[in-house]
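When the letters of the sequence shown are read in order and numbered with the numbering used here, they come out as residues 27 to 192. Heads up, the beta-carbon is just placed ideally off N, CA and C, and yes, glycines get one too. This one's a predicted model, so the numbers in the text were calculated from it and none came from an experiment. Comments concern the structure below.
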Amino acid sequence: MRLWVSLVVVVLVVGCGKNRPMPGTWPAQITSHTGFTDEQWNKIQGAVDYMNTGAGKKLIYDEGEQGGIYPIYFKLVENGTDHATRAGLAIFDSETCTIEVSTLVFMAGNQDTLIPVINHELGHCAGLEHDPQVGQIMYQSATNLKAYTRDAFSKFFTRVEQNIGM
Ligand SMILES: [Zn+2]
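As structure tokens, this is what we get:
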């Protein structure tokens with residue numbers, strides 16, 4: 027069963043999948059990206075690096091690199107009126123993960139949410155579910171990077187590593 031998990035910028039209740047540990051299925055490999063301008067993609071790559079740097083190990087390999095075994099596909103989607111506050115959506119199972127990034131995160135005023143949004147979606151790719159506690163990376167809505175504590179990120183990286191067995 028594939029799971030669809032969306033992240034919203036403004037508080038909005040969304041469903042989320044079960045926590046399924048997937049040891050042995052990572053490191054991840056970015057396999058494709060579609061729809062992004064070079065500038066937008068550079069920003070996404072920076073947000074992915076944020077996880078590798080924070081974890082202190084290579085959890086995700088970039089396109090053009092080799093070493094990852096769990097494919098992640100990135101896709102830019104237009105911010106539609108039906109999901110006007112959805113920043114990202116992770117569609118994943120134990121074999122692949124597709125991350126849809128909304129044009130919303132590239133709009134003026136929202137760019138500081140990019141790192142939290144991408145890390146949140148990567149957390150879903152690692153099998154994490156939502157955290158009910160406000161301020162945590164896996165909380166159902168995201169806000170500016172500055173609003174998160176170092177502790178929230180280090181807890182998040184630890185949970186990711188535990189879930190994927192790295
Ligand atoms: Zn989510």
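Asked: Residues of its chain near LEU9, where Cβ-Cβ distance is below 7 Å and the 5 sequence neighbours each way are ignored; Found: Past the boundaries of the shown model lies residue 9; the chain is included only from 27 to 192, so the question cannot be answered.
Asked: Cβ separation of GLY61 and LEU102, assumed to be a contact under 8 Å, to the nearest whole Å; Found: 3 Å
Asked: Pair within 9 Å by beta-carbon distance, PRO142 and ASN170; Found: yes
Asked: 8 Å contact criterion, which TYR76 and ASN145 should meet: CB distance rounded; Found: 6 Å
Asked: Buried versus exposed call for SER167 [16 or more other C-beta atoms within 10 Å across all chains shown]; Found: buried
Asked: Sub-9 Å separation of PRO53 and TYR96 beta-carbons; Found: yes
Asked: Nearest candidate by alpha-carbon position, reference GLN71, set VAL160, GLY93, ILE56; Found: ILE56
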